[in-house]
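Right, one structure below, let's go through it.
There are 2 protein chains.
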Amino acid sequence: MNPIYIEIIAIGDELLYGQTLDTNSHWISSELDKVGFKVTRRTTIGDREDEIMRAFAEAEQRASIVLITGGLGPTNDDLTKPCLAKFFDCEVAINEEALEEVTAFFKKRGRELTEVNRQQAALPVCCTKITNAIGTAPGMWFDRNGKVFVSMPGVPHEMKMMMSNIIIPKLKQQFRTPSIIHQIVRTIGIGESFLAEKIKVWEDSLPSHIKLAYLPSTGEVKLRLTGMGTDEKALKKEIDSLVEKLLPLAGQYIYCVGDHPIEKVVGDLLRDKGFKLSIAESCTGGYVSHLITSVPGSSEYFLGSMIPYDYELKMRQLGVRPETLEKFGAVSEPTIIEMANNVRARFNANIGVATSGIAGPGGATPDKPVGTIWIAYSDKYKTETKLLKLTQDRLVNIRYTSTALLGLIWQNIRK
Amino acid sequence: MNPIYIEIIAIGDELLYGQTLDTNSHWISSELDKVGFKVTRRTTIGDREDEIMRAFAEAEQRASIVLITGGLGPTNDDLTKPCLAKFFDCEVAINEEALEEVTAFFKKRGRELTEVNRQQAALPVCCTKITNAIGTAPGMWFDRNGKVFVSMPGVPHEMKMMMSNIIIPKLKQQFRTPSIIHQIVRTIGIGESFLAEKIKVWEDSLPSHIKLAYLPSTGEVKLRLTGMGTDEKALKKEIDSLVEKLLPLAGQYIYCVGDHPIEKVVGDLLRDKGFKLSIAESCTGGYVSHLITSVPGSSEYFLGSMIPYDYELKMRQLGVRPETLEKFGAVSEPTIIEMANNVRARFNANIGVATSGIAGPGGATPDKPVGTIWIAYSDKYKTETKLLKLTQDRLVNIRYTSTALLGLIWQNIRK
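Protein sequences appear in the order of chains A and B. Following my numbering, the numbering of the first sequence begins with 1 at its first residue and continues without gaps. Following my numbering, the numbering of the second sequence begins with 416 at its first residue and continues without gaps.
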């Protein structure tokens, strides 16, 4: 099987001038990698016709598949469509199906179709339209001499939906790829180097066609096993048995064999057990609730939250005792215990959890530096607390604390 | 002054396969832009000699300055240095100064210098060494026919220190740069194409040395004016006066002349006016509160939130009347009005805002499809509501609604 050369071209001055971080190319690379396509080059260029035409011509020389993002908006600085028409030497005309789709898009939102919007349905006649289910700019698929050019919008969620639902399946049909199997194992509550030590013997024993990667992110570490071969079934079986051998070494940190985030795993456990959750968030300011409610169907187990950001509200709305706050302060173990217990009782939930701390950059005291954060878990049998000592960075602290709290729930309800 | 073509080449399989997000290229673009250098192209390639040599040759054809990151580590998969030696046709030999630096680096950490580390001090003899103050791989500067190639480590903080302290000052000495001024104008509450129509006359009248870009994201559109010239002060004045002329056309949508997000602009207004904010979030599940509290110092104006996700809690904790819920449902104008008014009253705030809707994918009814979402603003003089009809995508709906709610606050307190 010959290797397939794949290139990504991202178009937009905002990328070149450092105003927008190009996360699209990264996401596309990662999704293609999962199905056995390896990207060989990525190019970023600005909104200039000569640059775009040159990049198309160069990519066509080298690659079999060229994926293009950006430059499809309705305004004058968007040049991808006219450049593609020129490159493939064909006319641009209104595509009736695309016009129906964009008309329906605006109608659904109770808005009139303007001439500018109407022009979004104009496509080079030699391309196959790719429906944009959640936006107004259709994608375009071009075939020439066995090579494929695909153009997608730069808006991330529109591009992602097209890639996942249409483009990747179509590429898999048109190009053969080797069997690649990925298995993600997600861990929480242990750092990368400590985990590496715990599983060293196992890692050293991996066969050469199976690779291990550590993918750390805020508050957790993902392990990714990647196997390459010709017999997909045998490969899958081999990887499953390797994961089995991993469990005795690090099972207490593994919350998911698979790639579900902690908020989904915790949600499934809550649903299965018929538990209802309530949350009192202070320093995390709503981020834990956002994670929980980002999972579809979370209303089945999530009752609600109280965010008593203000000192007074901790007493008035959540019933934390004034003497507790006065004696120990809002960032203290006695306060976090009352917060978790009270939100559970007041919201009539099985489980109450809470966060309180100094996210920074302000608010520190001599004995409570920025990054001092308490979290707690409460059910009818017990209340468990944990003190975190985190960073100087507000957003890192918010995210880390939220992950740690979800980890604390998981540890308590997993059995 | 001729434009200077600058290219960035990022080298590393981990970038191409989507394992590591390339933030280096973004940072370099942004730093160069600040001093008037415009990056014209960015290329990402893997750890393969033929690909690297080809990318060097192509970049030399097009550009005057080529900045390379990555592939300088001590292991065999790091090919940048041998490729550069080959490209510039010169020997690699131990650089005595570099050897002293790497020896001192290890000595300071109490570690012996291994042969592998010693080899990091070997450099192509035709390059100028760039000291790495915080790592072991030196950078390299090559001059040929008036063109410059610079190689830097891929480790972000090492690369950044070299760029800021040595490379950018040296590039500024060697190349004269035009003055470049960017001005961001952020708008909310209007789509890209509608905005484009409103400001068409103004856009058409822009002089050729000033470019306009539309940068849409969920719920808002940024405008970016980029001016290029020789006299920075005159350019700044010209752009300021263009922005002045934009205000009568689209002022009602412009929440920031500058690049602050809506949650920061709303926060500053709340602080300036001495207003206290409280939030009742249902369908957004904490995301509005998270945005508000992501801004440092938000405790000065944000009292707290209630997230009554459960139907019962809307009555028990927020005091929405049972007859309102029964007659109109949780996703209705009468309910959202009570939510906003009640959270304001109960939390003793000046302003109460609320969200309630069907984020999806479940929960739709025949007359309330997924994406039906009510938002409301309440102060002591009035209550204002807005009905949004959004998408099928849960996270898009949550984000769009949150931005729209912040926009509604802004519209009501801006005066």
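Even for Gly, the Cβ is constructed at its ideal location relative to N, Cα and C. Just so it is clear, the structure is predicted and the values come from calculations on it, not from any experiment.
Here the segment 94-108 of chain A makes no contact with the segment 49-66 of chain A; the two share fewer than three CB pairs at distances below 8 Å. CA-CA distance, residue 625 of chain B to residue 826 of chain B, rounds to 30 Å. For the 8 Å CB-CB criterion, residue 42 of chain A and residue 25 of chain A form a contact. Chain B has a Cβ within less than 8 Å of the Cβ of residue 14 of chain A. For residue 518 of chain B, same chain residues with a beta-carbon under 7 Å away, outside a window of 5 residues either side, are 528 in chain order. At least 8 Å separates the beta-carbon of residue 223 of chain A from that of residue 413 of chain A. Unbroken beta strand (DSSP E) stretches of 3 residues or longer found wholly inside the segment 608-677 of chain B: 625-632, 635-644 and 669-672, given in chain order.
At the C-beta level, residue 789 of chain B and residue 751 of chain B come within 8 Å of one another. The Cβ atoms of residue 183 of chain A and residue 265 of chain A do not sit closer than 8 Å to each other. Put simply, of A:197, A:190, A:291 and A:200 the residue whose alpha carbon is nearest the alpha carbon of residue 254 of chain A is A:190.
Distance between residue 39 of chain A and residue 347 of chain A, taken at the CA atoms: about 51 Å. Taking the CA atoms as reference points, residue 293 of chain A sits about 11 Å from residue 696 of chain B.
According to DSSP, residue pairing for residue 128 of chain A in a beta bridge involves A:141.
Of the residues B:423, B:690, B:654 and B:496, the one whose Cα lies closest to the Cα of residue 618 of chain B is B:654. For residue 730 of chain B, there are no C-beta contacts with chain A under 8 Å, since the nearest C-beta of that chain is about 12 Å from it. Between residue 45 of chain A and the set A:14, A:23, A:31 and A:28, the nearest pair of CA atoms involves A:14. By the 16-neighbour rule on beta-carbons within 10 angstroms, residue 572 of chain B is exposed.
Beyond the five residues adjoining it in sequence on each side, residue 155 of chain A comes within less than 7 Å, by CB distance, of 135 in the same chain, given in chain order.
Within the model, the alpha-carbon separation for residue 271 of chain A versus residue 132 of chain A is close to 34 Å. The segment 297-341 of chain A contains, as complete beta strand (DSSP E) runs of 3+ residues, the segments 302-307 (chain order). The DSSP-derived three-state label of residue 518 of chain B is helix. The beta-bridge partner set that DSSP reports for residue 7 of chain A consists of A:41 and A:66. Contact check between the segment 774-786 of chain B and the segment 753-760 of chain B: fewer than three CB pairs, one atom from each, fall below 8 Å, which does not count as touching. Within chain A, no residue has its CB atom less than 9 Å from the CB of residue 755 of chain B, the nearest being about 16 Å off. Annotated three-state conformation of residue 790 of chain B is strand, per DSSP. Annotated three-state conformation of residue 811 of chain B is helix, per DSSP.
Exclusion of the five residues before and after residue 364 of chain A leaves 358 and 370 as the residues of its chain whose Cβ lies within less than 7 Å of its Cβ.
Within the segment 795-822 of chain B, 804, 806, 807, 808, 809, 810, 811 and 813 place their CB atoms closer than 8 Å to a CB of chain A, listed in sequence order. When B:713, B:726, B:727 and B:725 are compared, the shortest CA-CA separation from residue 308 of chain A is found for B:713. When Cβ-Cβ separations below 8 Å define contact, residue 723 of chain B makes contact with chain A. Scanning chain A for C-beta atoms nearer than 9 Å to the C-beta of residue 486 of chain B yields nothing, as the closest lies near 15 Å away.
The C-alpha of residue 507 of chain B is placed about 8 Å away from the C-alpha of residue 497 of chain B. Taking C-beta separations shorter than 7 Å and ignoring five residues to either side along the sequence, the partners of residue 322 of chain A in its chain run 315, following chain order. With a threshold of 16 other beta carbon atoms within 10 Å, residue 472 of chain B falls short and is exposed.
In the DSSP assignment, residue 179 of chain A is bridged to A:229.
In this structure, B:748 is the residue among B:748, B:449, B:672 and B:776 with its C-alpha nearest to the C-alpha of residue 792 of chain B.
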